[in-house]
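A.B. asks: From first to last, the protein sequence lines stand for chains D and B. If you want the working numbering, it's the position in the first sequence, counting the first as 1, plus 1. If you want the working numbering, it's the position in the second sequence, counting the first as 1, plus 1.
Number of protein chains: 2
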Amino acid sequence: MERSDHNILHLLNQQVRRLNQRMNEKLKEYDLYMSQWVIIYTLHTMGPMTQKEIWQYLNVEAPTVTRTITRLEEKGWLVRKQGADKRQRIIHISPEAEQLRDEISTSIRKYENEQLLGLTKEEEHQLRHLLEKMMMEEGDLNAED
Amino acid sequence: MERSDHNILHLLNQQVRRLNQRMNEKLKEYDLYMSQWVIIYTLHTMGPMTQKEIWQYLNVEAPTVTRTITRLEEKGWLVRKQGADKRQRIIHISPEAEQLRDEISTSIRKYENEQLLGLTKEEEHQLRHLLEKMMMEEGDLNAED
DNA sequence: GCCAAATACTTACCTAAGTAAATAATTAAG
DNA sequence: CTTAATTATTTACTTAGGTAAGTATTTGGC
Numbered sequence: 002m003e004r005s006d007h008n009i010l011h012l013l014n015q016q017v018r019r020l021n022q023r024m025n026e027k028l029k030e031y032d033l034y035m036s037q038w039v040i041i042y043t044l045h046t047m048g049p050m051t052q053k054e055i056w057q058y059l060n061v062e063a064p065t066v067t068r069t070i071t072r073l074e075e076k077g078w079l080v081r082k083q084g085a086d087k088r089q090r091i092i093h094i095s096p097e098a099e100q101l102r103d104e105i106s107t108s109i110r111k112y113e114n115e116q117l118l119g120l121t122k123e124e125e126h127q128l129r130h131l132l133e134k135m136m137m138e139e140g141d142l143n144a145e146d
Numbered sequence: 002m003e004r005s006d007h008n009i010l011h012l013l014n015q016q017v018r019r020l021n022q023r024m025n026e027k028l029k030e031y032d033l034y035m036s037q038w039v040i041i042y043t044l045h046t047m048g049p050m051t052q053k054e055i056w057q058y059l060n061v062e063a064p065t066v067t068r069t070i071t072r073l074e075e076k077g078w079l080v081r082k083q084g085a086d087k088r089q090r091i092i093h094i095s096p097e098a099e100q101l102r103d104e105i106s107t108s109i110r111k112y113e114n115e116q117l118l119g120l121t122k123e124e125e126h127q128l129r130h131l132l133e134k135m136m137m138e139e140g141d142l143n144a145e146d
C-alpha cells in the first residue's frame, strides 16, 4: 500500500486544503471565507489595526490584505478610517458586524476544538509544537545560503 | 506572550504557505511551480495516468488538474494521449523531459530532506503520523452530521 | 523650503484551487 | 437502435496568495 509514499509536504498541503474547505463550508452560512474570517477575528482580538499591521501579523503580503479587506468593507463587515499618517488606513470592525462576529466566534471555536482536527489535546499540542519548531527554523535557513 | 494565540489552523496555513513558497523558489530555476512538479513526480512514480487518476491521487478537483496539465503540456513536459475510452486523456511525461526530471528529483529530494522542514527524523515521523491521523478522521466526520 | 528616498497602500498580472455548468463519449434502458 | 443517464474532461467564474510596478504621502538631505 503506497499511501505513505505521499511525501510530507504533500500530506501537509492536502490537510490544509481540506481543513480550509471545511471551515469555508462552515462559514458559508455567514457568507464569509476562512481568510476573511481570520481578518475579522484578528481585529477583534487585537483592536483596530493598520493594513500593514494586519499583513505582518498574518504573515501574508500587502496586496492580499488589500483585496480581502476591500471585499469585507463592501459587505459591511469592516470600515477603513484614515490615520494621522494619511497613507495609513486603519481598519475597524463595523459596529453592525459586532454581534454577528460574536455568534460566529462561538460557533467556529466550538467546531475547531471538537471536530476539525480529530486529534486529542495531547496530539494537538504536539502538532503545535512541531509547527512552531518549523517556523523557527525558517529564519535560520539563510545562514546556510 | 500571545504568539500561541494564533490558532493551530492559522499556524498550519502559515507553514504550508511558507514551505510552498520555498519550494517554488527552488523550482524557479526549472521554470516550474510546486503544483506542477507534483504532477510530474506523480507520473514518474506511478507511470502514465488518466487525469481522473491524477486528481484522485492528489486529492484535488478535476479542473485544477486540467489547468496545470495544460500548462505543463504547453511547456513540453507532458503529453496527452487519447485512451481507449475516448473521453479519457492519458498523461505521459514527455521523453525530452525525463532527464531534467531526474535532475530535479535529486535536487528537490535533497532539499526536502535536509533543509525544508527543519525537523529531526523522529519529529518528521511524528508529524506524518499526526497528519495521517487527521486524514483518517476526515472520513468519519460525516457520521456526526 | 524643495527634491529625493522611503513608506503605505493599490493595481495589474501570475498561479492554485474551488464550484457549477457545458461538452463529448460511453453505458444502460426501453 | 434510439434515447436517457453517467462519466471524463473542459470552460467560466470565484477567492487566495504571490511579485512587480504605480500612486500618494511622509521623511531626510541640502
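Backbone N, C-alpha and C define an ideal beta-carbon position, used for all residues, glycine too.
1) Let's test the definition: count the other Cβ atoms within 10 Å of the Cβ of T65(B) and tell me whether it reaches 16, buried, or not, exposed.
2) Thinking just about the alpha-carbon of each residue, which of T107(D), Q52(D) and A98(D) is nearest to the one in Q83(D)?
3) Would you mind telling me which residues of chain D sit closer than 9 Å to I55(B), beta carbon to beta carbon, in chain order?
4) Suppose you measure from the CA of Q22(D) to the CA of H11(B); what does that come to, to the nearest Å?
5) Between the Cα of S108(B) and the Cα atoms of L20(B), Y31(B), N8(B) and Q127(B), which residue gives the shortest distance?
6) For M50(B) and chain D, any beta-carbon pair shorter than 8 Å?
7) Using the Cα positions of H93(D) and E26(B), report the straight-line distance between them to the nearest angstrom.
8) Grouping DSSP H, G and I as helix and E and B as strand, with all else coil, what is T131(B)?
9) Is R18(D) buried or exposed, if buried means 16 or more other CB atoms sit within 10 Å of its CB?
10) Would the C-beta of L120(B) count as close to the ligand FMN, meaning under 7 Å from any of its heavy atoms?
11) Span of the alpha helix (DSSP H) holding V66(D)?
12) For Q16(D) and M135(B), which I take to be in contact (beta-carbon distance under 8 Å), what is that distance rounded to the nearest angstrom?
13) State buried or exposed for R102(B), treating a residue as buried only when at least 16 other CB atoms are found within 10 Å of its CB.
14) Can you name the residues of chain D whose CB is closer than 8 Å to the CB of K134(B)?
15) Are there three or more Cβ pairs, one per stretch, closer than 8 Å when the region 110-130 of chain D is compared with the region 73-80 of chain D?
16) Would you say V66(B) reaches chain D, if we count a Cβ-Cβ gap shorter than 8 Å as a contact?
17) Using a Cβ-Cβ cut-off of 8 Å, state whether L44(B) counts as contacting chain D.
18) Based on the DSSP output, what are the partners of Q52(D) in its beta bridges?
19) Between which two residues does the beta strand (DSSP E) carrying Q83(B) extend?
20) Check whether the Cβ atoms of E124(B) and L131(D) sit closer than 8 Å, and answer yes or no.
21) Work out the CA separation of H126(B) and S36(D) for me, nearest whole Å.
22) Please state whether DSSP places M2(B) in a helix, a strand or coil.
C.D. replies: In this structure, then:
1) Exposed.
2) Q52(D)
3) The premise fails here: I55(B) is roughly 13 Å from chain D at the closest Cβ pair, so nothing lies under 9 Å.
4) 14 Å
5) Y31(B)
6) no
7) 35 Å
8) In the sequence under discussion, the amino acid at residue 131(B) is Leu, which differs from the Thr named in the question. Here L131(B) sits in helix by DSSP.
9) exposed
10) No copy of the ligand FMN appears in this structure; indeed no ligand is present at all.
11) A63 to E75
12) 6 Å
13) buried
14) G119, L120 and E124
15) no
16) no
17) Closer than 8 Å to the CB of L44(B) there is not a single CB belonging to chain D.
18) Q52(D) pairs with nothing; no bridge assigned.
19) For Q83(B), the enclosing beta strand (DSSP E) begins and ends at L79 to Q83.
20) In contact: E124(B) and L131(D) (Cβ atoms closer than 8 Å).
21) 30 Å
22) The pLDDT assigned to M2(B) is 39, lower than 50, so where the model puts this residue is not dependable; a value taken from the coordinates is nonetheless given after this. Of the three classes helix, strand and coil, the one that applies to M2(B) here is coil, per DSSP.
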